[in-house]
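**Student:** For reference, the structure I am asking about is given below.
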Amino acid sequence: MLALPYLTSNPSFNGTIYATEPTTQIGRKFMEELITNIKRGHHQELQSHDTSKTLIKALTKEEEELHKKY
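The opening position of the sequence shown corresponds to residue 1 in the UniProt record's numbering, with each subsequent residue numbered one higher.
Okay, structure coming up:
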């Protein structure tokens, strides 16, 4: 159920998805919970120690430079 957005975002996907009403209801709850957890994790990341933020920025910059190089 959680993979449906990924699968259906593929331009070549043209299948039919079948689900019962209870399945769609629980799937909706799972997706809402996933979004809440992602937001919570992002918020905690913003509240984290400055050293962690600096390290993440440095790693991101290093990765971008590698992509430019290759």
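Beta carbons are placed, not taken as given, at the ideal position from N, Cα and C, and that holds for glycine.
With C-beta atoms as the reference, is Phe30 less than 8 Å away from Leu7?
**Tutor:** The sequence position of residue 30 within the sequence shown is 30, counting from 1. The sequence position of residue 7 within the sequence shown is 7, counting from 1. No, the Cβ-Cβ distance between Phe30 and Leu7 is not below 8 Å.
**Student:** My assumption, with CB atoms under 8 Å, is that Leu4 sits in contact with Ile17. Please give the rounded CB distance.
**Tutor:** On the sequence shown, residue 4 is found 4 positions in, with the first residue counted as 1. On the sequence shown, residue 17 is found 17 positions in, with the first residue counted as 1. That pair is a contact at about 7 Å.
**Student:** Roughly how many whole angstroms lie between the Cα atoms of Glu32 and Ile26?
**Tutor:** Locating residue 32 in the sequence shown gives position 32, where the first residue counts as 1. Locating residue 26 in the sequence shown gives position 26, where the first residue counts as 1. Approximately 10 Å between the Cα atoms of the pair.
**Student:** Distance check for Arg28 and Ile38, CA to CA, integer angstroms please.
**Tutor:** Along the sequence shown, read from residue 1 onward, the residue named residue 38 stands at position 38. Along the sequence shown, read from residue 1 onward, the residue named residue 28 stands at position 28. Going from the Cα of Ile38 to the Cα of Arg28 covers about 15 Å.
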